[in-house]
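What follows is the structure, given as structure tokens:
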């Protein structure tokens, strides 16, 4: 057995690039075998030192979550996770990965705190990532149908994986549903983006069939581009961009005016022939801010992956709740 490794073997064992192997040798982390007469075509490195470094890295390998993994679980951007870590000086494990890169690993306790903070500071309206997957191009509760005519709805399980529940409550991944069971979408979920003039807000109880009839209707008429949605334990919080819309499909018979009013929590809906007018429950206002405060507001809103309006609304709501509670 050889008492040396080639550069590629070192890279594979330690999990670094070949260029980083060169830097590790210069830093004396591993020992390159001298070859003053250039008799060997490829650089070789002493086996004992390489094995020791590989063992040390394996022992110190973090067992927590990567920021990208936690972000995917919570339906937020990776930048949002990094921002929380920076803002609150949370404990994370760091492991050099070569080429001046660092791998971050979030321990269980830190991950639990981040989950609580994300839920606490979540905007009133859901973000696009919460209900739409751009990779699969599907939306939560979107209606699919088998070739035999059985209806299935897109769900997301506790691991934040997309899929379907069979009548037997057996979980089927989205890819298996498409390729093995041959589920097909019943309708498209996209529409041209409408300029934001406010939102009209609804709350759909999950135990009502009419709630899902309404959601199917909304996906087809407004598309994922013009709504916000957040799934809760027993209900679905739905917000639709306010304004006039021409109806491209018939209104389901189950969506009566009285049923719609039971869903409505903020704003109003005027049902006309061939179109609906959604009235916002908000009123636009303006106020002056110092330039430095406005710049700070823009920065923190961006870090939290929120619009300035959403961030201001949340901040003011928290302030008012504290004031009214005193």
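Numbering (UniProt numbering), first residue to last: 1 to 326. For glycine and all other residues, C-beta sits at the position ideal for the given N, C-alpha and C.
**Message:** Here's the rule: buried if 16 or more other CB atoms are within 10 angstroms of the residue's CB, otherwise exposed. What is residue 239?
**Reply:** Buried is the call here.
**Asked** By a C-beta neighbour count over all protein chains shown, 10 Å radius and 16 as the cutoff for buried, is residue 226 buried or exposed?
**Response** With 16 or more neighbouring CB atoms inside 10 Å of its own CB, residue 226 falls in the buried class.
**Message:** Please state the DSSP three-state secondary structure of residue 181.
**Reply:** In the structure shown, residue 181 sits in coil (DSSP, three-state: anything other than H, G, I, E or B).
**Request:** Kindly list the residues whose CB is nearer than 6 angstroms to the CB of residue 229, restricted to its own chain and excluding five residues on each side of it in sequence; keep chain order.
**Result:** Within the same chain, residue 229 has close Cβ partners 126, 131, 238.
**Top-ranked residue by Cα proximity to residue 181, from 164, 235, 27** = The shortest Cα separation from residue 181 among 164, 235, 27 belongs to 164.
**Asked** How about the region 101-113 and the region 84-91: do they share at least three Cβ pairs that are nearer than 8 angstroms?
**Response** Counting Cβ pairs under 8 angstroms, three or more are found: they touch.
**Bridge-paired residues (DSSP) for residue 236** = Bridge partners of residue 236: 204, 231.
**Item:** Cβ-based burial, residue 270 [other Cβ within 10 Å; buried from 16]
**Value:** So residue 270 ends up on the exposed side.
**Prompt:** According to the neighbour-count rule (16 or more other Cβ atoms, all chains shown, within 10 Å of its Cβ), is residue 289 buried or exposed?
**Reply:** Exposed is the label assigned to residue 289, since fewer than 16 other Cβ atoms lie within 10 Å of its Cβ.
**Prompt:** How is the alpha helix (DSSP H) around residue 85 delimited, first residue to last?
**Reply:** Counting along the chain, residue 85 sits inside the alpha helix (DSSP H) bounded by residues 78-88.
**Request:** State the DSSP-derived secondary structure class of residue 194, mapped to helix, strand or coil.
**Result:** The DSSP-derived three-state label of residue 194 is coil.
**Prompt:** Between which two residues does the beta strand (DSSP E) containing residue 165 stretch?
**Reply:** Taken as a continuous stretch (DSSP letters only), the beta strand (DSSP E) holding residue 165 covers 162-165.
**Prompt:** Considering only residues of the same chain and omitting the five flanking positions on each side of residue 309, which have a CB-CB separation below 7 angstroms?
**Reply:** Excluding positions up to five away in sequence, the list is empty.
**Message:** Going by DSSP, what residue range makes up the alpha helix (DSSP H) through residue 151?
**Reply:** Annotation for residue 151: no alpha helix (DSSP H) segment contains it, though the beta strand (DSSP E) segment containing it runs 151-153.
**Message:** Distance check for residue 78 and residue 300, CA to CA, integer angstroms please.
**Reply:** So the alpha carbons of these two residues sit roughly 15 angstroms apart.
**Message:** To the nearest angstrom, how far is the alpha carbon of residue 42 from that of residue 152?
**Reply:** So the alpha carbons of these two residues sit roughly 58 angstroms apart.
**Message:** Please give the ranges of any beta strand (DSSP E) in the UniProt domain "Helix-turn-helix" (4-57), keeping only runs that are unbroken, at least 3 residues long and fully inside the region.
**Reply:** You should have 4-6, 44-46.
**Cα-Cα separation between residue 118 and residue 313, rounded to whole angstroms** = Taking the straight line joining both Cα atoms gives about 16 angstroms.
**Message:** With H, G and I counted as helix, E and B as strand and the rest as coil, what does DSSP make of residue 222?
**Reply:** In the structure shown, residue 222 adopts coil according to DSSP, grouped into three states.
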